[in-house]
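A.B. asks: Numbering (the UniProt record's numbering), first residue to last: 1 to 565. Even glycine gets a Cβ: it sits at the ideal position worked out from N, Cα and C.
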Amino acid sequence: MLDLLIVNARIVDVTRSRTYLGWLGLRDGRFQYVEEDPSGQPDTRPGEVDLRARETLDLNGARLCPGLIDAHMHIESSLLTPARFAEAVLPHGTTTVMTDPHELANVLGTRGVTYTLQASEHLPLRVFVAIPSCVPATSAEFETALGHISVDDVRTLAREPRVLALGEVMDYQGLAAGITELPALITAAQQAGLLIEGHTPTLGGTVLSDYTAHGILSDHTLSTPAKLHEQLTKGYTVMLQEKSLSREVVQAVLDLPDRSRVLLVTDDVMPNRLQGGHLSRLVNLAVSFGWPLEDAVAAASLRPAAYLGLRHLGLLAPGRQADFCVLEEQGGFQVQATYVAGVKVAEAGRCLTSPVEIAAPSGGEITRALVTLPELTFDVPDGSHLTHVIHCNERNTFTELARETVEFRDGWPVDPALNVVTVFTRQGHSPPGRALLRGFKLRSGAFASSLAHDSHNLLGVGRDATDLMTALHTIQPQGGMAFAHGSEVIHLPLEVAGLVSARPLKEVAERFDAIETALRRYGVTHLNPVLFLTILPLTVSPSVKVSDRGLVDVERRALLPLFPA
Numbered sequence: 001m002l003d004l005l006i007v008n009a010r011i012v013d014v015t016r017s018r019t020y021l022g023w024l025g026l027r028d029g030r031f032q033y034v035e036e037d038p039s040g041q042p043d044t045r046p047g048e049v050d051l052r053a054r055e056t057l058d059l060n061g062a063r064l065c066p067g068l069i070d071a072h073m074h075i076e077s078s079l080l081t082p083a084r085f086a087e088a089v090l091p092h093g094t095t096t097v098m099t100d101p102h103e104l105a106n107v108l109g110t111r112g113v114t115y116t117l118q119a120s121e122h123l124p125l126r127v128f129v130a131i132p133s134c135v136p137a138t139s140a141e142f143e144t145a146l147g148h149i150s151v152d153d154v155r156t157l158a159r160e161p162r163v164l165a166l167g168e169v170m171d172y173q174g175l176a177a178g179i180t181e182l183p184a185l186i187t188a189a190q191q192a193g194l195l196i197e198g199h200t201p202t203l204g205g206t207v208l209s210d211y212t213a214h215g216i217l218s219d220h221t222l223s224t225p226a227k228l229h230e231q232l233t234k235g236y237t238v239m240l241q242e243k244s245l246s247r248e249v250v251q252a253v254l255d256l257p258d259r260s261r262v263l264l265v266t267d268d269v270m271p272n273r274l275q276g277g278h279l280s281r282l283v284n285l286a287v288s289f290g291w292p293l294e295d296a297v298a299a300a301s302l303r304p305a306a307y308l309g310l311r312h313l314g315l316l317a318p319g320r321q322a323d324f325c326v327l328e329e330q331g332g333f334q335v336q337a338t339y340v341a342g343v344k345v346a347e348a349g350r351c352l353t354s355p356v357e358i359a360a361p362s363g364g365e366i367t368r369a370l371v372t373l374p375e376l377t378f379d380v381p382d383g384s385h386l387t388h389v390i391h392c393n394e395r396n397t398f399t400e401l402a403r404e405t406v407e408f409r410d411g412w413p414v415d416p417a418l419n420v421v422t423v424f425t426r427q428g429h430s431p432p433g434r435a436l437l438r439g440f441k442l443r444s445g446a447f448a449s450s451l452a453h454d455s456h457n458l459l460g461v462g463r464d465a466t467d468l469m470t471a472l473h474t475i476q477p478q479g480g481m482a483f484a485h486g487s488e489v490i491h492l493p494l495e496v497a498g499l500v501s502a503r504p505l506k507e508v509a510e511r512f513d514a515i516e517t518a519l520r521r522y523g524v525t526h527l528n529p530v531l532f533l534t535i536l537p538l539t540v541s542p543s544v545k546v547s548d549r550g551l552v553d554v555e556r557r558a559l560l561p562l563f564p565a
């Protein structure tokens with residue numbers, strides 16, 4: 001007897017890029033039958049198979065498609081625990097993810113990876129894990145980190161059945177120079193049969209080939225038609241996140257004779273964006289640029305399943321796990337209900353299961369003494385000084401370096417268009433890294449965060465020293481994000497390692513939105529201001545960033561003086 005018989009379904013066929021009328025039978029969490037029939041009903045004539053079912057679901061012509069599979073993402077970017085994240089994405093049709101928990105690992109080491117595995121073990125969302133490869137992201141010369149993942153750690157974690165990959169190899173400069181333990185990590189991962197994930201925002205030509213020859217199999221960074229073509233030719237699985245989806249890139253994909261190595265992934269989704277969709281958002285955006293719906297769904301289901309080696313997922317076919325979505329009648333990818341292993345887990349925008357949290361891991365505490373005003377000011381005499389200044393744009397996280405003559409008074413820049421950036425270590429008492437930022441346009445107030453990629457030291461950005469101190473004090477010692485402007489203080493607590501929260505998505509998203517709204521109210525025009533700010537300390541993100549050690553030239557892999565001679 002079947003557990004569930006589904007009739008009158010318009011079945012999305014991601015293998016032939018079509019939708020057809022038919023019916024499905026489920027047993028023991030898998031598809032037993034997936035049949036095409038113009039009537040939408042099974043043939044129950046005598047002598048045929050027994051199609052009695054405990055439950056029958058008549059979809060009345062609604063579309064049914066595979067559950068979405070996100071092959072490259074970071075749960076921590078949602079600022080949620082795995083349980084709260086599952087609660088947030090299942091209503092949008094995401095049924096499987098592979099997360100790279102390198103934020104937790106950079107603070108907690110292997111305990112961050114273990115926590116992710118344990119916290120996601122019994123969720124209705126299928127969670128697979130990539131072992132973070134760059135913990136810390138670069139060497140101690142460039143930043144102070146708490147976490148570390150060694151070759152032995154990779155060998156140990158690779159034994160976990162839900163570990164599928166070595167996460168994105170971000171320190172491409174260090175790998176090319178042979179001055180890190182990355183080659184040994186890659187070898188250990190390959191010996192364990194893991195995928196090796198890449199991160200190549202600027203590489204091309206022979207430099208890309210040298211990097212790829214280490215066994216790199218994928219890239220998810222900002223793509224263009226030319227970059228897409230080169231990477232596919234060199235054997236990559238190309239992962240397109242939202243910022244890569246343009247009409248030109250989609251057309252380049254559609255012109256390919258073989259799209260089997262082109263996937264849709266989310267990478268990072270902040271909590272306010274998560275309220276409106278997850279991987280479903282990318283499917284709809286791709287469709288808006290002319291990508292046929294069935295093929296866009298294939299890039300978010302069948303193809304990621306093949307890439308990850310999850311042959312039991314990603315397709316509506318006999319023997320496959322019954323992970324699927326029922327879509328709303330209107331066009332596009334709007335989810336009415338989500339099923340995992342044949343069980344309805346979300347309906348009408350709401351998860352039907354309650355999150356099961358585990359105890360938060362210890363470690364990575366913020367023990368630094370409260371920041372003082374003198375620590376925020378620049379130790380230079382009044383007057384004009386030649387200064388290295390970071391320039392940003394309004395669209396993405398790319399930055400550039402310029403030399404400017406900057407006037408200082410009482411240790412503070414006079415130019416109202418310059419924002420001060422400080423990065424303090426979580427622990428200890430070393431002086432902060434400092435920088436000046438042009439183009440962010442924050443006229444007054446300040447932002448602080450204990451989530452600051454990837455080492456997650458204490459980041460502060462602002463125009464006023466007192467506001468900057470207030471914002472930093474707000475996130476000490478519990479952790480979180482804060483905006484301060486005079487007596488106005490907005491705080492988003494991140495109580496798990498200072499990185500994520502066990503609070504519901506709605507509450508986290510509302511506080512996150514309040515911080516972004518305040519930033520915009522005081523002049524910021526960046527498309528994703530908090531995301532940009534939290535990546536300012538990421539010492540592998542082009543082209544210049546600031547850590548607790550100071551200014552870092554990412555491409556030349558060098559520390560720069562704030563005041564050049």
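1) For the alpha helix (DSSP H) containing His229, name the first residue and the last one.
2) Spatial neighbours of Pro82 within its chain, please: C-beta separation below 7 Å, excluding the five flanking residues on both sides.
3) Keeping to the same chain, check which residues put their C-beta closer than 7 Å to that of Gln241; ignore five residues upstream and five downstream.
4) Could you check if Phe333 is buried or exposed, using at least 16 other CB atoms within 10 Å of its CB as the buried criterion?
5) Mind checking which residues open and close the beta strand (DSSP E) that includes His72?
6) What residue from Pro504, Ser260, Arg503 and Ser280 has the CA that sits closest to Glu328's CA?
7) What ranges does the alpha helix (DSSP H) occupy inside the stretch 138-163, keeping only unbroken runs of at least 4 residues that lie completely in it?
8) Is the CB-CB distance between Gln321 and Arg521 below 8 Å?
9) Would you identify the three-state DSSP class for Gln336, choosing helix, strand or coil?
10) From Asp171 to Thr95, what distance separates their C-alpha atoms?
11) At the level of alpha carbons, what is the spacing between Ala484 and Met469?
12) Taking its Cβ as the centre, do 16 or more other Cβ atoms sit within 10 Å of Lys506, making it buried, or is it exposed?
13) For my contact list, Arg549 and Phe142 are in at a C-beta cut-off of 8 Å; report their separation, rounded to the angstrom.
14) Are the stretch 434-446 and the stretch 345-355 touching, with three or more C-beta to C-beta distances below 8 Å?
15) Let me know if Ala497 comes out buried or exposed under the rule of 16 or more other beta-carbons within 10 Å of its beta-carbon.
16) By DSSP, does Gly205 sit in helix, in strand, or in coil?
17) The beta strand (DSSP E) that contains Pro493, what's its start and end?
18) Less than 8 Å between the C-beta atoms of Ala465 and Thr474, yes or no?
19) Nearest to Glu400 by CA position, among Leu308, Lys545, Val540 and Gly479, is which residue?
20) Am I right that Thr110 and Ser455 are in contact with their C-beta atoms under 8 Å? What's the rounded C-beta distance?
21) What residue from Thr56, Leu274, Gly167 and Leu245 has the CA that sits closest to Glu87's CA?
22) Taking 8 Å as the cut-off, does the stretch 246-254 touch the stretch 300-313 (at least 3 CB pairs, one atom from each stretch)?
23) Select from Ala471, Glu36 and Ser139 the residue whose C-alpha is nearest the C-alpha of Thr372.
24) Among all the DSSP beta bridges, which residues are the ones paired with Cys65?
25) Check whether the Cβ atoms of Val461 and Leu538 sit closer than 8 Å, and answer yes or no.
26) Could you pull the DSSP bridge partners for Asp382 from this structure?
27) Would the stretch 372-390 count as touching the stretch 152-159 if we require 3 or more Cβ pairs under 8 Å?
28) Quick check on Lys441: does DSSP put it in helix, strand or coil?
29) Short check: CB of Leu245 to CB of Leu194, under 8 Å?
30) If I measure Cβ to Cβ from Gly290 and keep anything under 8 Å in the same chain, skipping five residues before and after, which residues do I get?
31) Looking only at its chain, what residues have a beta carbon closer than 7 Å to the beta carbon of Pro91, apart from the 5 residues adjacent to it on each side?
32) In chain order, what residues of the same chain lie with their CB nearer than 6 Å to the CB of Arg395, ignoring the 5 residues before and after it?
33) Are Pro318 and Gln32 touching if we call contact CB-CB under 8 Å?
34) If you compare alpha carbons, which of Arg27, Leu59 and Asp323 is closest to Gly67?
35) Once you ignore the five residues that flank Val414 on each side, which residues in its own chain have a CB closer than 6 Å to its CB?
36) Specify the secondary structure class of residue 568 as computed by DSSP and reduced to three states.
C.D. replies: Taking the definition as stated:
1) Pro225 to Thr233
2) Ile75, Thr116, Ala119, Ser120, Leu123 and Val127
3) His220, Val265, Thr266 and Asp267
4) buried
5) Leu68 to Met73
6) Ser280
7) 151-157
8) no
9) strand
10) 31 Å
11) 9 Å
12) exposed
13) 6 Å
14) no
15) buried
16) helix
17) Glu488 to Pro493
18) no
19) Lys545
20) Not really, about 16 Å apart at Cβ, beyond 8 Å.
21) Leu274
22) no
23) Ala471
24) Cys325
25) no
26) Bridge partners of Asp382: none, in fact.
27) no
28) coil
29) no
30) Arg247, Val250, Gln251 and Leu254
31) Val335, Thr338, Ala346, Gly349, Arg350 and Cys351
32) Leu527
33) yes
34) Asp323
35) Glu407
36) Any question about residue 568 goes unanswered here, given that the chain covers just 1 to 565.
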